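In our numbering, the protein residues as written are 1049 to 1306.
Even for Gly, the Cβ is constructed at its ideal location relative to N, Cα and C.
All values derive from a computational prediction rather than experimental measurement.
Please read the structure below before turning to the comments.
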């Protein structure tokens, strides 16, 4: 299996597994979008839309992209994503925020939540917890949704611990290289524990929560993120968000402010 080939999960015959995804570039020289071809025996094909991504980006006045905030629990990812979302909207940008807790209320709901609405069998099969494989599927789903937002010209802001490097890299490889912007919210563990807004670190230290990232489960920091943000409390969230905006302008994703 080539290390450069994007991987997408595909549920076939009721099992969860990853299958090889072959990618070919659109022959239209004005479009470098990767067109996926599922290597399976089902009739799954890719349908082009009459309104192109480029059309939508012209209407929006900026390029679409995925801004992927990653860092420890309590590092400030969600705060930064929401402040950035507000500042971008004031500039007239079209954005969407995907936040860890919010997504687990619906798209990535847990077993107990799904059991109430869909029954035991469905809940056991599709409900997500916090095991390594559940976290893998959690990030896969989020990445797929973020990519859809990006492809319609939105700036997708994601705020997830996403602790495993391999999962983040799979998301990166599933889209255009220039579309994925990984931002490491680099906050010391001691600061995150001091904040502990949900009391999760305290519970993890007491052994009440198992496999908690940063305590008894690893966090794999990005090796080559597009941007590193130090959110240790010495600068305001607005100042940190402005740093991200400056980066987007330098990359010509956003136009410079008038």
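Check	Outcome
For the stretch 1185–1203 against the stretch 1248–1266, do three or more pairs of beta-carbon atoms, one drawn from each stretch, fall closer than 8 Å, so that the two count as touching?	no
Per DSSP, what are the beta-bridge partners of residue 1230 in this structure?	1116
Give me the Cα-Cα distance between residue 1203 and residue 1111, rounded to the nearest whole angstrom.	8 Å
Residue 1145 by DSSP, collapsed to three states: which one?	strand
Of all the options 1158, 1115, 1192 and 1235, which has the alpha carbon lying nearest to the alpha carbon of residue 1179?	1158
Closest to residue 1276 by C-alpha separation, out of 1290, 1233 and 1246, would be which residue?	1233
Check whether the stretch 1137–1152 touches the stretch 1260–1270, counting contact only when three or more Cβ pairs, one atom from each stretch, lie closer than 8 Å.	no
Take every Cβ of the stretch 1119–1128, pair it with every Cβ of the stretch 1233–1247, and state whether three or more of those distances are shorter than 8 Å.	yes
To the nearest angstrom, report how far apart residue 1094 and residue 1222 are at their CA atoms.	15 Å
DSSP state of residue 1261, grouped into three classes?	strand
Just mark residue 1160 as buried or exposed, buried being the case when its beta carbon has 16 or more other beta carbons within 10 Å.	exposed
Measuring alpha carbon to alpha carbon, tell me which of 1181, 1183, 1156 and 1184 ends up nearest residue 1171.	1156
Which residues mark the beginning and the end of the beta strand (DSSP E) in which residue 1207 is found?	1203–1207
Whose C-alpha, out of 1235, 1166 and 1208, is nearest the C-alpha of residue 1150?	1208
Going by DSSP in three states, residue 1099 sits in which element: helix, strand or coil?	coil
Rounded to whole angstroms, what is the Cα-Cα separation between residue 1288 and residue 1114?	18 Å
According to the Cβ coordinates, are residue 1162 and residue 1175 closer than 7 Å?	yes
Could you tell me if residue 1091 is buried or exposed, where buried requires 16 or more neighbouring beta carbons within 10 angstroms of its beta carbon?	exposed
Going by DSSP, what residue range makes up the alpha helix (DSSP H) through residue 1187?	1180–1199
Output needed for residue 1184: all residues of its chain with C-beta closer than 6 Å, excluding positions within five of it in sequence on either side, in chain order.	1215
Between which two residues does the beta strand (DSSP E) harbouring residue 1214 extend?	Not the beta strand (DSSP E): residue 1214 falls in the alpha helix (DSSP H), residues 1213–1221.
Do you know how far the Cα of residue 1300 is from the Cα of residue 1229?	13 Å
Just reading off the alpha helix (DSSP H) that residue 1248 is part of, what are its end residues?	1248–1253
How many Å lie between residue 1168 and residue 1146 at the Cα?	27 Å
Would you report the Cα separation of residue 1279 and residue 1125, rounded to the nearest angstrom?	9 Å
Are residue 1268 and residue 1189 touching if we call contact CB-CB under 7 Å?	no
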